[in-house]
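Read the structure below first, then the notes.
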Amino acid sequence: DAALFGSSIAICGIAGDQQAALMGQACFKPGMVKSTYGTGCFALLNIGDAPTLSKNRLLTTVAYQLNGKRTYALEGSIFIAGAAVQWLRDGLKIIKSAAESSTLATQSDPTQDVILVPAFVGLGAPHWQPDARGAIFGLTRNSGPAELARAALDSVAYQTHDLIAGMRADWPNASGSTETVLRVDGGMVASDITMQTLADIIDAPVDRPKVLETTALGAAWLAGSSAGVWPDQAEFAKLWHRDKRFTPSMPNATRQKRLDQWHRAVKSTIAFSNRDNG
């Protein structure tokens, strides 16, 4: 509005934060997937120009529309990711800063199988259980702050696994001949131990970019490309640079054991909440 700003300002692009992050990660090809880790976690898989309705309780959404061509995505939402670390800091007070969680987690006893289901405000995709509440499984007398920190970080990987598994089932091309690579962003991805665990649990490489503020970058590219001052998709994708790749190294048997424990814990958590409501 020229009356407010002195001159008219063109609106060259409109995007939700997760769609902007998808573009900021240059996930323009079908099969490319990104996941943003803040207080929660949001994963989007580019599925191309044909919408696919999820059979695994994920969301079908518009990824973006450029030059009149619409692209769709499958989206999975996790309510608690970095918020679990905030709980360690503000609730349990076993750390003073979020960064300390990674250091503390490295001191955990690897023989302990402590599982945290961080359903502090319910469970998101693919469970959609708003009345579920958090639970901890596998505690012993030797369990302490280090084991709780590790369980909090591991819970992010387990929840992401369930999203990626649903995406692979809904859109088989996601697990075809081209290897799935998860591009990550958000404050939590600075933790190497969390990203390595993520790669191990989803059994796929995890790429952390040099520019972590991908939501702002995607919004800037969308506006700039529409205004003709930024390059097209192909050229913009060349500007994406990887900071570090985390490659799976966990034995299959160990991965499956830990996932089985996680799924039993989730099932028990949901059953407990349903009992309270019944």
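Residue numbering for the sequence shown follows my numbering, starting at 4 and increasing by one per position.
Idealized CB from N, CA, C, for every residue including glycine.
- Of the candidates 187, 145, 137, the residue whose Cα lies closest to the Cα of residue 21 is 187.
- 8 Å or more divides the Cβ of residue 67 from the Cβ of residue 159.
- Excluding the 5 residues flanking it on each side, residue 253 has same chain C-beta neighbours closer than 6 Å at 203, in chain order.
- A straight line joining the alpha-carbon of residue 81 with that of residue 192 spans about 15 Å.
- DSSP places residue 14 outside any beta strand (DSSP E), giving it a letter other than H or E.
- Here residue 95 is exposed. Its C-beta has fewer than 16 other C-beta atoms within 10 Å.
- The Cβ atoms of residue 155 and residue 62 do not sit closer than 8 Å to each other.
- Per DSSP, reduced to three states, the secondary structure at residue 78 is strand.
- Between residue 141 and residue 120, the CB-CB gap reaches or exceeds 8 Å.
- Comparing C-alpha distances from residue 136 to each of 251, 14, 122 shows the shortest one belongs to 122.
- When Cβ pairs closer than 8 Å are counted between the two stretches, the region 45–54 is seen not to touch the region 251–267, the count staying below three.
- Between residue 272 and residue 138, the C-beta spacing is below 8 Å.
- Secondary structure at residue 148: helix, using DSSP grouped into helix, strand and coil.
- Comparing C-alpha distances from residue 264 to each of 109, 161, 196, 27 shows the shortest one belongs to 161.
- Under a 10 Å Cβ-count criterion, residue 8 is classified as exposed, with fewer than 16 other Cβ atoms of the shown protein chains found around its own Cβ.
- Under the three-state reduction of DSSP, residue 49 is assigned to strand.
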